[in-house]
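To start, the structure itself, in structure tokens.
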Amino acid sequence: LPLRFDWRDKHVVSQVRNQQMCGGCWAFSVVGAVESTWAIKGHPLEDLSVQQVIDCSYNNYGCSGGSTLSALKWLNKTQVRLVNDSEYPFKARSGLCHYFPSSHSGLSIKGYSAYDFSDQEDEMAKSLLIYGPLVVIVDAVSWQDYLGGVIQHHCSSGEANHAVLITGFDKTGSIPYWIVRNSWGSSWGVDGYAHVKMGSNVCGIADSVSAVFV
Amino acid sequence: TWPRSPEREAAAFRESLNRHRYLNSFFSHENSTAFYGINQFSYLFPEEFKAIYLRSQPSSSPRYPAEVKTSLLTVP
Numbered sequence: 004l005p006l007r008f009d010w011r012d013k014h015v016v017s018q019v020r021n022q023q024m025c026g027g028c029w030a031f032s033v034v035g036a037v038e039s040t041w042a043i044k045g046h047p048l049e050d051l052s053v054q055q056v057i058d059c060s061y062n063n064y065g066c067s068g069g070s071t072l073s074a075l076k077w078l079n080k081t082q083v084r085l086v087n088d089s090e091y092p093f094k095a096r097s098g099l100c101h102y103f104p105s106s107h108s109g110l111s112i113k114g115y116s117a118y119d120f121s122d123q124e125d126e127m128a129k130s131l132l133i134y135g136p137l138v139v140i141v142d143a144v145s146w147q148d149y150l151g152g153v154i155q156h157h158c159s160s161g162e163a164n165h166a167v168l169i170t171g172f173d174k175t176g177s178i179p180y181w182i183v184r185n186s187w188g189s190s191w192g193v194d195g196y197a198h199v200k201m202g203s204n205v206c207g208i209a210d211s212v213s214a215v216f217v
Numbered sequence: 686t687w688p689r690s691p692e693r694e695a696a697a698f699r700e701s702l703n704r705h706r707y708l709n710s711f712f713s714h715e716n717s718t719a720f721y722g723i724n725q726f727s728y729l730f731p732e733e734f735k736a737i738y739l740r741s742q743p744s745s746s747p748r749y750p751a752e753v754k755t756s757l758l759t760v761p
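Protein chains in written order, with this note's numbering: chain A, 4 to 217; chain B, 686 to 761.
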């Protein structure tokens with residue numbers, strides 16, 4: 004493994020978004036992974052519609068909550084084509100699903116994987132390198148007050164309540180950490196990102212890890 | 686879902702300041718440890734923050750199997 008790796012350096016990670024008062028973190032993380040995986044395959048990086056996933060993923064609860072695995076299962080099963088964010092913009096509230104004709108351009112996924120990588124975070128880092136940014140769920144209760152630095156304490160594994168996207172890792176310093184994109188705007192944390200210690204399943208970051216294939 | 690008022694926000698803010706002191710009082714000697722303070726969520730009580738922003742449902746996944754372990758050397 005390299006000492007440091009961040010998919011942002013390859014220009015395949017879209018800008019940090021803001022979920023506002025909508026509990027749609029699960030959709031933001033999944034859509035972020037699809038965007039990046041598509042760009043890694045050589046296509047232009049584009050913002051895809053989070054609102055489409057919030058409105059149309061019938062096995063979830065829109066802005067009232069949802070599961071990343073359910074969203075991935077829905078994307079894979081229905082082969083829904085995600086459209087551009089500009090065509091189906093974010094409204095920060097759940098709405099009726101807007102359907103597009105089959106001739107309409109969009110991006111569907113070819114599959115996904117989901118594993119528990121606790122005690123195997125080096126393998127998780129390899130997956131990040133191979134497949135692209137990873138969708139994870141964490142205990143983020145203490146993230147309400149996070150300003151910066153490496154999160155090492157004040158959260159638990161097995162208490163997941165928030166979905167985010169890992170874009171890289173950094174092992175160059177004394178404390179190796181995951182680079183985690185959040186969806187609370189760029190003014191939160193480190194330009195919208197959190198740093199979470201690697202190797203100890205801090206905040207349950209390795210408990211449920213998904214990769215998307217496009 | 687909660688009535689917002691300047692008094693309630695001020696109370697939540699005061700509680701936040703106490704929480705920051707608590708969170709920063711541990712492990713501050715450790716290298717690079719996280720630090721906590723005022724941000725856009727400081728006017729929310731923790732239960733409000735949780736109800737609005739922490740809406741991801743937990744899910745369990747199978748353990749990553751040893752036989753799937755991929756050598757980076759085999760990846761172009």
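The C-beta atom is built at its ideal place from N, Cα and C for all residues, glycine as well.
Taking 8 Å as the CB-CB limit, is residue i close to chain A?
i	result
Pro-688/B	no
Pro-691/B	no
Glu-715/B	yes
Phe-698/B	no
Asn-724/B	yes
Ser-745/B	yes
Arg-706/B	no
Ala-695/B	no
Leu-741/B	In the sequence on display, residue 741/B carries Ser and not Leu. Taking Cβ atoms only, chain A reaches closer than 8 Å to Ser-741/B, which makes this a yes.
Tyr-749/B	yes
Tyr-728/B	no
Ser-710/B	no
Distance check for residue j and residue i, CA to CA, integer angstroms please.
i	j	result
His-714/B	His-46/A	45 Å
Gly-3/A	Tyr-707/B	What the structure shows of chain A is the stretch from 4 to 217, and residue 3/A is not part of that stretch, so it cannot be assessed.
Cys-158/A	Gln-742/B	17 Å
Asn-724/B	Trp-146/A	11 Å
Phe-120/A	Gly-65/A	28 Å
Gln-23/A	Glu-692/B	23 Å
Leu-739/B	Lys-129/A	28 Å
Leu-4/A	Tyr-749/B	18 Å
Asp-58/A	Leu-72/A	16 Å
Leu-150/A	Pro-104/A	44 Å
Val-183/A	Asp-12/A	14 Å
His-1/A	Glu-700/B	No answer is possible for residue 1/A: it lies beyond the span of chain A, which begins at 4 and ends at 217.
Gly-161/A	Arg-704/B	23 Å
Thr-718/B	Val-193/A	13 Å
Gly-152/A	Ala-214/A	26 Å
Glu-733/B	Ala-695/B	14 Å
Lys-80/A	Phe-698/B	45 Å
Hey, could you find the ends of the alpha helix (DSSP H) residue i is sitting in?
i	result
Ser-37/A	First, the residue type needs correcting, since residue 37/A is Val and not Ser in the sequence shown. 28-43 is the extent of the alpha helix (DSSP H) around Val-37/A.
Lys-735/B	731-738
His-705/B	691-710
Does residue i get closer than 8 Å to chain B when you measure Cβ to Cβ?
i	result
Phe-120/A	yes
Cys-100/A	no
Glu-124/A	no
Tyr-149/A	yes
Ile-169/A	no
Met-201/A	no
Asn-164/A	yes
Ile-154/A	yes
Ile-57/A	no
Leu-110/A	no
Val-19/A	no
Leu-48/A	no
Val-144/A	yes
Leu-72/A	yes
Could you tell me the boundaries of the beta strand (DSSP E) in which residue i lies?
i	result
Asp-58/A	Careful: Asp-58/A lies outside any beta strand (DSSP E), inside the alpha helix (DSSP H) at 53-59.
Ile-723/B	Where Ile-723/B is concerned, there is no enclosing beta strand (DSSP E), given that its DSSP letter is neither H nor E.
Ser-213/A	212-216
Ala-117/A	114-118
Lys-200/A	196-200
Val-183/A	180-184
Asp-122/A	First-last for Asp-122/A: undefined, no H or E at that position.
Asp-9/A	7-9
Once the 5 residues before and after residue i are set aside, which same chain residues still bring their CB inside 6 Å of it?
i	result
Pro-179/A	Met-201
Glu-124/A	Met-201, Gly-202, Ala-209
Ser-60/A	Ala-74, Trp-77
Ser-111/A	Gln-82, Arg-84
Asp-50/A	Ser-17, Asp-88
His-107/A	none
His-198/A	Val-153, Tyr-180
Spatial neighbours of residue i within its chain, please: CB distance less than 7 Å, with the 5 preceding and 5 following residues excluded, ordered by chain position.
i	result
Trp-10/A	Val-16, Ser-39, Gly-135, Pro-136, Thr-170, Gly-171
Ser-189/A	Val-19, Gly-195
Tyr-118/A	Val-212
Phe-720/B	Asn-709
Leu-48/A	His-14, Val-15, Ser-17, Glu-38, Ala-42
Phe-93/A	Val-53, Gln-54
Trp-191/A	Asn-185
Arg-96/A	Cys-25, Cys-66
Cys-70/A	Reading off the sequence shown, one finds Ser at residue 70/A, where the question assumed Cys. For Ser-70/A, where only same-chain residues beyond five positions count, the Cβ hits under 7 Å are Trp-29, Asn-63.
Short of 8 Å in beta carbon distance, which residues of its chain neighbour residue i, apart from the five on each side in sequence? Order them along the chain.
i	result
Ile-737/B	Leu-729
Gln-55/A	Val-83, Leu-85, Val-86, Tyr-91, Cys-100, His-101
Can you check the segment 65-108 of chain A for any beta strand (DSSP E) of at least 3 residues that lies completely inside it and give the ranges in chain order? Runs of the beta strand (DSSP E) inside the segment 65-108 of chain A: none found.
Whole runs of the beta strand (DSSP E) within the segment 126-168 of chain A, excluding any shorter than 3 residues: For the segment 126-168 of chain A, whole beta strand (DSSP E) runs of length 3 or above, ordered along the chain, are 137-141, 149-151.
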